[in-house]
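So the sequence shown is numbered by this note's numbering: it starts at 56 and just counts up by one.
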Amino acid sequence: MPVSLNVVDLGNKVEELINTSKDRVAFFEDSRDKVFYELEQKYNVLVFNRQKRKNWDVPTKGQVLYRSFNYKGTTYGIWAFERAVFRYIGKNGKGAPKNLAYAGNCVVSAEDTAGTKSIVLTFELPETAKLHQVVKDDTLYNLSLKYGTTVDEIVKMNADKVKDANKIYLNDVLRVRH
Numbered sequence: 056m057p058v059s060l061n062v063v064d065l066g067n068k069v070e071e072l073i074n075t076s077k078d079r080v081a082f083f084e085d086s087r088d089k090v091f092y093e094l095e096q097k098y099n100v101l102v103f104n105r106q107k108r109k110n111w112d113v114p115t116k117g118q119v120l121y122r123s124f125n126y127k128g129t130t131y132g133i134w135a136f137e138r139a140v141f142r143y144i145g146k147n148g149k150g151a152p153k154n155l156a157y158a159g160n161c162v163v164s165a166e167d168t169a170g171t172k173s174i175v176l177t178f179e180l181p182e183t184a185k186l187h188q189v190v191k192d193d194t195l196y197n198l199s200l201k202y203g204t205t206v207d208e209i210v211k212m213n214a215d216k217v218k219d220a221n222k223i224y225l226n227d228v229l230r231v232r233h
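In structure tokens:
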């Protein structure tokens with residue numbers, strides 16, 4: 056996992072926001088931002104009213120966090136993940152995303168299926184999760200283990216920078232994932 060993550064600690068930080076956020080919208084936005092920035096913007100984050108959740112079209116890929124919280128009698132979920140597709144159907148079939156807050160690499164579209172309107176959120180891996188700045192003692196082998204790829208794949212993705220698989224340079228920014 057590219058980010059050092061203490062799920063319990065992060066959950067506790069969001070829990071603190073329940074007491075400090077002035078209203079539901081502030082809680083949504085504060086908790087979204089807290090998780091997104093604590094995870095160094097390397098994962099997508101979705102905060103949603105669990106009572107409004109209908110279904111995920113496909114399972115999330117690369118889930119690193121899920122917690123639910125009670126804010127003034129309503130249960131909210133916070134998800135952090137690499138990729139997913141989420142279909143939101145609001146009251147009376149109207150896609151009303153006021154019960155959602157998200158950050159990351161998301162494309163929003165609308166669907167109308169047999170008169171039922173929905174908002175579709177398609178999340179892809181954030182661009183920042185695909186890059187790594189070389190620090191002291193990094194090697195391509197260690198980076199391949201850290202990001203679940205191979206040395207050859209990192210070399211191919213960085214053909215303009217990596218001419219010799221045994222040499223990488225401090226502060227270079229390398230692509231480590233597709």
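All C-beta atoms, glycine included, are put in the ideal place defined by N, C-alpha and C.
Distance between residue j and residue i (C-alpha atoms, nearest Å)
i, j, result
"VAL90", "VAL69", "8 Å"
"LYS216", "ASP192", "18 Å"
"GLU295", "LEU94", "The chain is shown from 56 up to 233; residue 295 falls before or after that span and cannot be answered."
"ILE73", "PHE82", "7 Å"
Beta-carbon proximity of residue i to residue j, cut-off 8 Å
i, j, result
"TRP178", "ALA135", "Sequence inspection shows Phe at residue 178; the Trp mentioned does not correspond to that position. Going by C-beta atoms, PHE178 is not nearer than 8 Å to ALA135."
"VAL175", "ARG142", "yes"
"ARG230", "LYS172", "no"
"ARG105", "ALA158", "no"
"ASN226", "GLN188", "yes"
"LEU65", "LEU120", "yes"
Outcome for residue i when other beta-carbon atoms lying within 10 angstroms are tallied against a minimum of 16
i, result
"ASP78", "exposed"
"LYS97", "buried"
"ALA156", "buried"
"THR168", "exposed"
"TYR131", "buried"
"GLU182", "exposed"
"THR75", "exposed"
Any contact between the region 200-207 and the region 118-131? By contact I mean 3 or more CB pairs, one from each, below 8 Å.
no
Ranges of the alpha helix (DSSP H) found wholly within the region 78-125, counting only runs of at least 4: 79-93
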